[in-house]
Amino acid sequence: LGKWVKIVRENNPLEDKLPILLIAAKCDLEEFSMVGDILAKKAHEKMGLTEYVKTSSKTGLNVELSINTLVKNILKQKES
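Sequential numbering of the sequence shown, starting at 12, is according to this note's numbering.
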């Protein structure tokens, strides 16, 4: 994850203002999860990511929320 965040931050025109969400997909399959909630939240905080959202496209859990959160943060950065 750290490698991807570094690549995104180094190659974007907004410098440090680019909102980056950590999205945990397939939350309907939590029993098979390789990364727990605590570890994901720690990574979110350590890397200074905008949000951490758990989603499931199967159940629809937080799919719209994650998109709305990203758009809201992009618009907020555009205004500042």
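Beta carbons are placed, not taken as given, at the ideal position from N, Cα and C, and that holds for glycine.
Limits of the alpha helix (DSSP H) - the one that residue i falls within
i, result
"Lys83", "74–90"
"Val19", "13–21"
"Leu50", "48–57"
Cβ pair residue i, residue j closer than 9 Å
i, j, result
"Thr66", "Leu72", "yes"
"Thr70", "Asp39", "yes"
Residue i: first and last residue of the uninterrupted beta strand (DSSP E) it sits in
i, result
"Ala35", "32–35"
Assigned secondary structure, residue i (DSSP; H/G/I helix, E/B strand, else coil)
i, result
"Lys65", "strand"
"Leu60", "coil"
"Leu40", "helix"
Sufficient close CB pairs (3 or more, under 8 Å) joining the segment 77–84 to the segment 31–40: yes
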